[in-house]
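Here the structure comes first, spelled out in structure tokens, and everything after it is commentary.
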Amino acid sequence: MEEIASLFHGFAVVLEPFNLVLMLIGITLGVLIGVLPGLGGANGVAILLPLTFSMPPTSAIIMLSCIYWGALFGGAITSILFNIPGEPWSVATTFDGHPMAQQGRAGEALTAAFTSSFVGAFIAVVVITFLAPLIAGFALQFGPPEFFAVQFLTFCSFVGMGRGNAFKTIAAMTLGFALACVGLDTVTGQLRMTFGTTELLRGFDFLIAVIGLFGIGEILLSMEEGLSFKGGAAKLNPTVVWQTWKKLPQFWVTSLRSAAIGCWMGITPGGATPASFMSYGIAKRVSRNGDRFGKGEIEGVVAPETAAHAAGTSALLPMITLGIPGSPTAAVLLGGLLIWGLQPGPLLFVEQKDFVWGLIASMYLGNVAGLLIVLTCVPLFAAILRIPFSIIAPVIVVICAVGAYTVHNAAFDIALMLVFGVIGYAFKKLDYPLSPLVLALVLGDMAESAFRQSMLLSGGSLSVFWSNWLVASIMSLGLALLLWPLVSWAKGMLQRTVPAPGTGA
Amino acid sequence: MKDGEFTSSRGLVSKRTMEIVVAVLFLVVGSIVITDSLRIGAGWRDPEGPEAGYFPFYIGLIMSGASLVTLVQAVLKRPGAGTSFVDAEALKQVLQVLVPAGVFVLLLNFIGIYVSAALYIAGFMAVVGRYAWFRAIPVGVGVAIVLFLMFEVWFLVPLPKGPIEELFGY
Amino acid sequence: MNVAKLRLFRRLTAVAGVAVAAAIATSSAFAAWEPTKQITIVVPAGTGGGADQMARFIQGVVSKHNLADKPIVVINKAGAAGAEGFLDVKSSPGDAHKLIITLSNLFTTPLASGVPFSWRDLTPVAMLALDEFVLWVNAESPYKTAKEYLTAVGNGQPGEFKMGGTGSKQEDQIITVALQKVAGKPFTYVPYKGGGDVAVQLVGNHVHSTVNNPIEAVAHWRAGKLRPLCVFDEQRMPYKDKMTDTMSWNDIPTCKESGVDVSYLMLRGIFMPAGVKQEHVDYYVELFKKVRATPDWKEYMEKGAYNQTFMTGDEYRKWVENAEKLHYELMKEAGFLAKTN
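Written as structure tokens, this is what we have:
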């Protein structure tokens, strides 16, 4: 096994003391960056990129990729504790993670999130190590129709599962799509719905909406019930990690499925955010406890976290082998490679063995080190909830404001965040669901441009979505998922109208 | 508003009213989206496929349709059936967070994010949380300094700054 | 460090007497303006793109070689094809600590979107380099020269050949329009978000050709997946190191040589807000001269096969003026100008 030998060589590179120190610094910085909403992932790596110029490329990529792992871990912390997703792919983690924290099970949710992240990343690294040459070419199959199909599939796996008022769900979702349209249209270069204002030129960023809707909205809701966070009074349990670990193995099917979804979405490259939504949506449908998702189900934390981490990790594969970034952070790392004088592409594995295997080895070690660091801090993180509300609430608002600002360096976005907070509060009270809105906002833009690129390529013919086995099977799977609730609903209706068994025609 | 002090659970706005307000707002947004999409062209041109306004147009249409149904549902609901959207006590609590946060966001445009954050945190702790000023001020100033060091000094991320930071050469 | 020294100097002069003080006074007239706080480089594009890379590279080089006393920070303002970044700089006149690194969107964005700004709202500082464009096809395709390919396009159905590019109504599409004038039949232009994506789309045979920058496509060229047909410049690129077994950048003919008279170069230049003093501009010109002298910069230029033209002052201003005119004409001809509403 040539890979094993190369990998051990890689470990030798990473285990040099200098690189080990960089790894630990990277992870710690990463967790910090991941915790601060807005500053996460791409921005964080971009900010620290120039620091690495005076290092050898291998050390530099070890540090930067460890920042990346750290940010992936860190994103879960604020999602669970305060309902503020530090990273876009942590949104789905809030659905069950935050209710768990409200029930006083923050430690359990954090442990589940970190462990699942680790499992997802680990599986993805194994896939990268042994299958890299095989699957690297797979991303080449993906043209605009395939990308649209993947977004369609993500969407279908998520919708149709809400129980609330269907019209409110539709209204919330269309609001998300409409907000995604604001700004410059990528296909024609026209401005849409900016009404001549400078502030709307940049459009509505997903993160700003999410920080407002979820984070600020949550604070307003907690305020109604007095000056406290629910779950803050829970007893701190030092053995929480161990006790959660005992529960996790029963979700192995969910973990494996989510890791598979994540790897696939990272390699194609669909991205970590759609992967987490898709994984959550499918887990909810398939799981026996599906009905309890959204109310603090541990499986609802496992599914998105595993997928997000698997996708985030495997996104580095198309970056190294093809030079296409699977995520915004990978795009910045790619810029780093070019600056250090490395050409990502098929030849990198041949010409820069040290570098590639050092990076892969640092994925293994970085994730193990990251897991240890964040797990030891679980009781510490959980204890944050015990800080009195009247201290932590303004601090959260300030941190949210910083996050909203750093997305586009615009003070207007902070005001926007506050408005989204009020919308989030009102929607929650009136039972307008927030997750379809957020999903539409994140997918709308990508899906629309992929669709229109496909139309340009096909000359306006929809048959392009069934033009080869790959796109056809993804589309069909999406349609099946979309129609599934309809079928089961029809089945239910049939059973009700035909109560006596054996009387059917 | 004054009566709110006597009965803690008196509803200010009924849920039904809010339903109607939100549905109408959705209708407004929907029609804005439709109008703007028509302006930039909402057709399906033959070789190129959909124009820039094609998707937004239908999204606006669907949004308006769905909200119209919600609106009708809300209007038809008997006025007595609706529960309260927010009662006076809860609204007071919510405004206690919202108003200072709004002031903070307004202030940071003029005096920078660090000074306004210090004022906001200290003020909130003292006024809403009833902490003594000698506790509130160190916390507010401390958080602001930590943020300043982290963003301006270590990460080199510029955040909005005001005259006080300028004195220090930032 | 310089500031500290200067301070020490001043203290000494206080003791030393009139003659020395006079000498210092003349030398401090030469000791030109220095930044008093951090220098911001605005990138009117997203993280990870060419302009962003260059800005962060400059940031890294300056701090590595200690070329400036104050740190450089890079911020991205990518909204509306960079309009947001330009408007930000336009709205801070006289700010001597703000720079903007431009790409062709300095010209194309206001023309295509109607957002009101132009280079006249800014102060030109220096042209750092020009970015080349190369016509690429998939290595499996039968076309060996630009002429052959464009003849095939001319003989095909209108819109049969698909050209992938970055963004809409920007540099890639402008070149495409110029090419289809030569070919006589239109391409179907498919806009993507980033140059890296475009190159991969070509490798995966989803489009027929691209006009990627060298750095975006070089990896695939070296891996034998893409074939360069010609470079859109007046001269061949000067880099003679072999990139593949047989070819160097220098071996790629110019499009003019291959009978396709189209040339286009993209500005990688630095501007400041309007209303800054000449001494501020001078400081940054000197700074960029120092950056250009570092071995890191030379290597970076070579890797990206940039055209290393450096201009400042009136020469640069004139170049920008001409480029603006050229873009206006090209875009007017292509029908890309924003309708005035």
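Protein chains in written order, with our numbering: chain A, 12 to 516; chain B, 2 to 171; chain C, 5 to 345. Where a beta carbon is used, it is the ideal one built from N, C-alpha and C, also for glycine. From a predicted model like this one, the values you see are computed outputs, not experimental measurements.
Problem set entry | Nonlocal neighbours in the same chain, by C-beta distance under 8 Å from C/Glu-283, ignoring five residues either side | As a first step, residue 283 of chain C is located in the third sequence; it is residue number 279 there, counting from the start. So the list reads Ala-36, Trp-37, once near-sequence residues are dropped.
Problem set entry | DSSP three-state assignment for C/Ala-255, whether helix, strand or coil | Within the third sequence, the letter at position 251 stands for residue 255 of chain C. It should be noted that the sequence gives Asp, not Ala, for residue 255 of chain C. Three-state result, C/Asp-255: helix.
For this session: Could you tell me which of C/Ala-309, C/Val-324, C/Tyr-320, C/Ile-62 sits nearest to C/Arg-240, measuring between CA atoms?
Result: Indexing the third sequence from 1 puts residue 240 of chain C at position 236. Ranking the options by Cα distance to C/Arg-240, first place goes to C/Ala-309.
For this session: Work out the CA separation of A/Thr-185 and B/Glu-20 for me, nearest whole Å.
Result: Counting from one through the second sequence, the residue named residue 20 of chain B turns up at place 19. Counting from one through the first sequence, the residue named residue 185 of chain A turns up at place 174. About 17 Å.
Exercise. Counting Cβ pairs closer than 8 Å, one from the segment 271-283 of chain C and one from the segment 171-182 of chain C, do we hit at least three?
Worked result: no
Exercise. Quick one: is C/Thr-112 near chain B, going by C-beta distance under 8 Å?
Worked result: Counting from one through the third sequence, the residue named residue 112 of chain C turns up at place 108. Cβ-Cβ to chain B under 8 Å: no for C/Thr-112.
For this session: Under 8 Å between beta-carbons, which chain C residues line up against B/Tyr-171? List them in chain order, please.
Result: Within the second sequence, numbered from 1, the residue matching residue 171 of chain B stands at position 170. Residues of chain C passing the Cβ test: Lys-41, Gln-42.
Exercise. Once you ignore the five residues that flank B/Phe-27 on each side, which residues in its own chain have a CB closer than 7 Å to its CB?
Worked result: For the purposes of this step, residue 27 of chain B is taken as the residue at position 26 of the second sequence. Contacts found: Met-64, Ser-68.
Exercise. What does DSSP give as the partner residues of C/Trp-140 in its beta bridges?
Worked result: On the third sequence, residue 140 of chain C is found 136 positions in, with the first residue counted as 1. Paired residues: C/Thr-214, C/Pro-232.
For this session: Using only the heavy atoms of the ligand MN, determine whether one of them is closer than 7 Å to the beta carbon of A/Cys-274.
Result: Ligands in the displayed structure: none, and consequently the ligand MN is not present.
Exercise. Using the beta-carbon of each residue, which ones in chain C are nearer than 7 Å to A/Gly-356?
Worked result: One-based indexing of the first sequence puts residue 356 of chain A at position 345. Per Cβ cutoff of 7 Å: Ala-223, His-224, Arg-226, Ala-227.
For this session: State the Cα-Cα distance for the pair C/Gly-118 and A/Gly-194, rounded to the nearest angstrom.
Result: In the third sequence, the residue the question calls residue 118 of chain C occupies position 114. In the first sequence, the residue the question calls residue 194 of chain A occupies position 183. Cα-Cα distance, rounded: 13 Å.
For this session: List the endpoints of the continuous alpha helix (DSSP H) containing C/Ala-187.
Result: Counting from one through the third sequence, the residue named residue 187 of chain C turns up at place 183. 175-187 is the span of the alpha helix (DSSP H), which, as asked, contains C/Ala-187.
Exercise. Given a threshold of 16 other Cβ atoms within 10 Å of its Cβ, counted over all protein chains shown, does A/Asp-107 qualify as buried or as exposed?
Worked result: Along the first sequence, read from residue 1 onward, the residue named residue 107 of chain A stands at position 96. When all chains shown are included, A/Asp-107 counts as buried.
Problem set entry | C/Ala-309 - DSSP class collapsed to helix/strand/coil | Walking along the third sequence from the start, residue 309 of chain C turns up at place 305. Coil at C/Ala-309, not helix or strand.
Exercise. Applying the criterion that 16 or more other CB atoms from any shown protein chain within 10 Å of the CB defines a buried residue, is A/Val-24 buried or exposed?
Worked result: The residue you call residue 24 of chain A lines up with position 13 of the first sequence. Buried, since its Cβ has 16 or more Cβ neighbours within 10 Å.
For this session: Would you mind telling me which residues of chain B sit closer than 8 Å to A/Gly-471, beta carbon to beta carbon, in chain order?
Result: Along the first sequence, one-based indexing puts residue 471 of chain A at 460. The answer, in chain order, is Trp-45, Arg-46, Asp-47, Pro-48, Glu-49, Gly-50.
Exercise. Mapping DSSP to helix, strand and coil, what is A/Ala-501?
Worked result: Position 490 of the first sequence holds residue 501 of chain A. Three-state DSSP puts A/Ala-501 in a helix.
Problem set entry | Listed by chain order, chain B residues near C/Val-119 by CB distance under 8 Å | For the purposes of this step, residue 119 of chain C is taken as the residue at position 115 of the third sequence. Here the premise fails: no neighbours, minimum Cβ distance about 15 Å.
For this session: Quick one: list the residues of chain A neighbouring C/Leu-71, beta-carbon separation under 7 Å, in chain order.
Result: Residue 71 of chain C sits at position 67 when you count from the first residue of the third sequence. Simply none; closest approach about 13 Å.
For this session: Helix, strand or coil for B/Phe-169, going by three-state DSSP, please let me know.
Result: Locating residue 169 of chain B in the second sequence gives position 168, counting from the first residue. B/Phe-169 falls in the coil class under three-state DSSP.
Problem set entry | the segment 202-216 of chain C: positions lying closer than 9 Å to chain A by Cβ | Ala-203, Val-204, Gln-205, Val-207, Gly-208, Asn-209, His-210, Val-211
Exercise. Quick one: what's C/Ala-130 bridged to in DSSP?
Worked result: Taking the third sequence and counting its residues from 1, one reaches residue 130 of chain C at position 126. Note: C/Ala-130 sits in a beta bridge opposite C/Ile-274, C/Thr-316.
Exercise. Are any of the Cβ atoms in chain C nearer than 8 Å to that of A/Ser-65?
Worked result: Here the question's residue 65 of chain A lines up with position 54 in the first sequence. Yes, contact with chain C.
Problem set entry | Within-8 Å CB hit, B/Glu-20 to chain A | The sequence position of residue 20 of chain B within the second sequence is 19, counting from 1. By this cut-off, B/Glu-20 is an interface position.
Exercise. Should the segment 131-147 of chain C be called in touch with the segment 213-222 of chain C, which here means at least 3 C-beta pairs below 8 Å?
Worked result: yes
Problem set entry | Span separating the alpha-carbon of C/Met-167 from that of C/Tyr-268 | Locating residue 167 of chain C in the third sequence gives position 163, where the first residue counts as 1. Locating residue 268 of chain C in the third sequence gives position 264, where the first residue counts as 1. If I take the Cα positions, the gap works out to 17 Å.
Problem set entry | Counterpart residues of C/Val-194 in DSSP-defined beta bridges | Taking the first residue of the third sequence as position 1, residue 194 of chain C is located at position 190. DSSP output for C/Val-194 lists C/Gly-168 as bridge partner(s).
Problem set entry | Segment limits, alpha helix (DSSP H) that includes A/Thr-180 | Here residue 180 of chain A is taken as the residue at index 169 of the first sequence, counted from 1. Unbroken alpha helix (DSSP H) run through A/Thr-180: 177-192.
Exercise. With DSSP run on the structure shown, which of helix, strand or coil describes B/Trp-45?
Worked result: Residue mapping note: residue 45 of chain B aligns to position 44 of the second sequence, counting from 1. If DSSP states are grouped into helix, strand and coil, B/Trp-45 belongs with the strands.
Problem set entry | Nearest-angstrom Cα separation, counted from B/Ile-112 out to B/Pro-164 | Translated into positions along the second sequence, residue 164 of chain B becomes position 163. Translated into positions along the second sequence, residue 112 of chain B becomes position 111. Their backbone Cα atoms lie some 6 Å apart in a straight line.
Problem set entry | First and last residue of the uninterrupted alpha helix (DSSP H) at C/Asp-201 | One-based indexing of the third sequence puts residue 201 of chain C at position 197. C/Asp-201 -> alpha helix (DSSP H) spans 199-207.
Exercise. Beta-carbon separation of A/Gly-273 and A/Ala-322 under 8 Å?
Worked result: Position 262 of the first sequence holds residue 273 of chain A. Position 311 of the first sequence holds residue 322 of chain A. Going by C-beta atoms, A/Gly-273 is nearer than 8 Å to A/Ala-322.
Problem set entry | Through-space distance from C/Phe-314 to C/Ala-26, alpha-carbon basis | In the third sequence, counting from the first residue as 1, residue 26 of chain C sits at position 22. In the third sequence, counting from the first residue as 1, residue 314 of chain C sits at position 310. In this prediction, C/Ala-26 scores a pLDDT of 42, lower than 50, which makes its location untrustworthy; no coordinate-derived value is stated.
Exercise. Thinking C-beta only, is A/Ala-150 closer than 8 Å to A/Met-486?
Worked result: Here residue 486 of chain A refers to the residue found at position 475 of the first sequence. Here residue 150 of chain A refers to the residue found at position 139 of the first sequence. Contact: no.
For this session: Keeping to the same chain, check which residues put their C-beta closer than 6 Å to that of C/Leu-16; ignore five residues upstream and five downstream.
Result: Position 12 of the third sequence holds residue 16 of chain C. For C/Leu-16, the predicted structure reports a pLDDT of 40, less than 50, and the residue's modelled location is therefore unreliable. A value from the coordinates is still provided. Result list for C/Leu-16: empty, nothing under 6 Å.
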